[in-house]
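Worksheet: one structure, shown below.
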Amino acid sequence: MKILVVDDEVDVKTLFEQRFRKEIRSKAVDFVFAFSGKEALQYIDQLNHEAILILSDINMPGMSGLELLKEIKQKELVPKPIVMMISAYGDEQNYNTAKSLGADEFLTKPVDFKLLKEKLQLN
Amino acid sequence: MSLDKDYLLQKSKEEILKIFTSEYPLEKIPEFIAEEVSGFGTTQDERAHNFQEFMKILVLQYQQSQEMGIEVSFVEKPFHQWQNLSKDLALLVQEFDLSIKSKVGVNTIDFRLSSLFEWKQDSWKLIHWHGSTPVNVEKDAWHVTEWQKKNDELKQKVEEQTQNLMLKNEQLQKAKEQIEDTLKELKETQDLLIQSEKMASLGELTAGIAHEIQNPLNFVNNFSELSNELLEEIQEEIENKDFDEVKAICQDLKGNLEKINHHGKRADSIVKGMLQHSRASTGQKEWTDLNGLADEYLRLAYHGLRAKDKSFNSELKMDLDPNLPKVEIIAQDFGRVLLNMINNSFYSVNEKKQQLGESFQPVVSVSTKLLDGQIQLKISDNGNGIPEEIRHKIFQPFFTTKETGQGTGLGLSLSYDIIKAHGGTIKVESKIGEGTSILIEISQKKE
Ligand SMILES: [Mg+2]
């Protein structure tokens, strides 16, 4: 499964690569990383027609995760990507906006990787 | 002989009186008057230094008395007489009530006459006389009382003026004290305002700080958890004797520890920055990584605004010169300058975004550069720009274009003072509709 992780924090890449070390090794997952909304959209265009899961931070300078979500939904991609949004703890407003924009899942920081793996059905 | 002399003196005295009252034949006058006679009459022009001048006075007097039909009579008051030891000088001091009767009426005056006689060729001859009438001012012939009165008046005036001056001085002193009080109050108000300006920007920061701290803390937690897991894996691989894998995991472990350290420091500097911002300036210069400071405050300002206004967003661009040396600055003060500038930029792009909507992409950038020993720090935005007519006012205290409650109007003025205190310059470039750049330059070297 191709997973696109979008976050303005560069170290998220190392974090995911270590957290999913075994899954990456066994090729259960294939991660790509984008560090801004713009970069994410470029990836999505490149990865056209490939089934992907997008895991995006909301709080990013420039294009926010919510704007990215809106753009993705407007693209009407086939197959439809699964979009999971990650935001700060207890952020009702972002949660509601993400829901109304059609986000499939909503995670809060700090990301519970056990839970994430469950959601990705990797356990 | 002496009897004769006294008798003759008495005679002379009587004759002289007749002469002075124009009752004596002019041709007989020389018998009683010395050639060198001198003296003063009662009127201003009556003065004589010799016999001729004496006669001139008398002739005039005789004429006047005939024309006016003047009759003079007098009542003699007790008089004083003196003679020298050799009895050849005699002084007569006399006083009379002199009645002058004319066609017009009678005028009585007090007449005083001093006459000095010399015994010469067997007769007493007048050598000096002085006639006078006392000035009709009781006991004040020399106007002393009048002067005293004037003096008193003057003194009083001076006193009044002194009193006035003292009163005015007192009023001035009071006014001065009032101004000083007002100044003190203003200074206190200013301190309060500066503090409230700080607290206002701190309020804006708090949310940003919470957000900014969360990310590094997540990393610290995640990487330490992971490292623990890696240690377990190392043990497993040692048992498997796969030392290549052990090496690889150790490498990851080292990387993780570095990341823990990095993010721990990041959180630390954010907390420190917040504390520094809220505290009064220490005024202590310290060697500071301006790039780090710029990065930190750009993020803090951004997240602070985001926390306040979810609809706000802006692209952040950082172009930091990796060769920038550390500079000796009051980091806390400099951070406030950065925060002010960056906040203004965000405010401006946000305003434009609200006017133009989706079509506008806000960008705020911070760049640093080392150029000829000068460190340049530039904060730019693509906002609405600053109108030419207010550009010169933006560094004035309390000047603000923001709505009431949105800004204290002290941010830029404080920033200006801070940069000036660092021996630096601050320049504004702005184009309406295109954006604003603030260029701060400080010397790399110690002042
Ligand atoms: Mg983020």
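Protein chains in written order, with the numbering used here: chain L, 749 to 871; chain X, 779 to 1225.
The beta carbon of each residue, even a glycine, is placed where N, CA and C say it ideally should be.
Need the endpoints of the alpha helix (DSSP H) that residue i sits in, please.
i        : result
S1123(X) : 1109-1134
N885(X)  : Taken as a continuous stretch (DSSP letters only), N885(X) belongs to no alpha helix (DSSP H), being part of the beta strand (DSSP E) at 884-898.
H1193(X) : Residue identity differs from the one stated: residue 1193(X) is Ser in this sequence, not His. It spans 1189-1199 - the alpha helix (DSSP H) in which S1193(X) sits, taken as one unbroken run.
Q794(L)  : 785-794
Q841(L)  : 840-848
Q766(L)  : 760-767
E1255(X) : This structure cannot speak to residue 1255(X), because chain X is shown only from 779 to 1225.
E866(L)  : 861-867
So the beta strand (DSSP E) residue i belongs to, where does it begin and stop?
i        : result
Q872(X)  : 867-879
M832(L)  : 830-835
G1213(X) : 1213-1221
L904(X)  : 901-910
Q822(L)  : Q822(L) -> not in any beta strand (DSSP E); alpha helix (DSSP H) instead, spanning 813-823.
V826(L)  : Unbroken run through V826(L): none, as it is neither H nor E.
Q859(X)  : 858-861
E854(X)  : 849-854
State yes or no: is the C-beta of residue i within less than 8 Å of the C-beta of residue j?
i        : j        : result
T1146(X) : L1068(X) : yes
N1122(X) : P1140(X) : no
L836(X)  : L804(X)  : yes
D755(L)  : D805(L)  : yes
S1047(X) : E1015(X) : no
E809(X)  : S901(X)  : yes
D1159(X) : V1144(X) : no
E873(X)  : K898(X)  : no
L1071(X) : Y1080(X) : no
K1226(X) : W1065(X) : Residue 1226(X) cannot be examined here, being either before or after the span of chain X that is shown, 779 to 1225.
I802(L)  : V826(L)  : no
Q859(X)  : L867(X)  : no
K783(X)  : L870(X)  : no
E1106(X) : K1063(X) : yes
T1060(X) : S1126(X) : no
I800(L)  : K750(L)  : yes
L1148(X) : I1120(X) : no
G1189(X) : S1221(X) : no
V777(L)  : Y791(L)  : no
Y811(X)  : K903(X)  : Before going further, note that residue 811(X) is Ile rather than Tyr in the sequence given. Closer than 8 Å, so yes.
Q766(L)  : L1083(X) : no
E1011(X) : I991(X)  : no
K1205(X) : L1217(X) : yes
Assuming residue i and residue j are in contact, meaning their beta carbons sit under 8 Å apart, how far apart are those beta carbons, in whole angstroms?
i        : j        : result
E1212(X) : G1151(X) : With a Cβ gap of about 31 Å, E1212(X) and G1151(X) do not count as contacting.
S910(X)  : T820(X)  : 6 Å
S1092(X) : F1124(X) : 6 Å
L870(L)  : E771(L)  : 6 Å
F889(X)  : F852(X)  : 7 Å
L868(L)  : L817(L)  : Going by Cβ atoms, the distance from L868(L) to L817(L) rounds to 19 Å, so no, they are not a contact pair.
I1196(X) : V1115(X) : 5 Å
Q1154(X) : E1219(X) : 5 Å
F764(L)  : V753(L)  : 6 Å
F818(X)  : H908(X)  : 5 Å
L814(L)  : T845(L)  : 6 Å
E819(L)  : L789(L)  : 6 Å
V850(X)  : T799(X)  : 4 Å
K1209(X) : G1161(X) : Incorrect: roughly 10 Å between the Cβ atoms, too far for contact.
In the DSSP assignment, what are the bridge partners of residue i?
i        : result
K1156(X) : S1145(X), L1217(X)
V1254(X) : With chain X covering only 779 through 1225, there is no way to say anything about residue 1254(X).
L752(L)  : V780(L), I802(L)
F854(L)  : M833(L)
S800(X)  : None; S800(X) has no bridge partner.
L1094(X) : V1142(X)
S1208(X) : T1214(X)
T1066(X) : V1105(X)
G817(X)  : A826(X), W907(X)
I811(X)  : L904(X)
T1203(X) : E1219(X)
With a cut-off of 8 Å, do at least 3 Cβ pairs link the region 873-886 of chain X to the region 859-869 of chain L?
no
Just the residues with CB closer than 7 Å to a heavy atom of ligand 2, in chain order, which are they?
As presented, the structure is devoid of ligand 2, carrying ligand 1 as its sole ligands.
Would the region 991-1005 of chain X and the region 756-764 of chain L be scored as touching if the rule is three or more Cβ pairs under 8 Å?
yes
Sufficient close CB pairs (3 or more, under 8 Å) joining the region 808-824 of chain L to the region 776-787 of chain L:
yes
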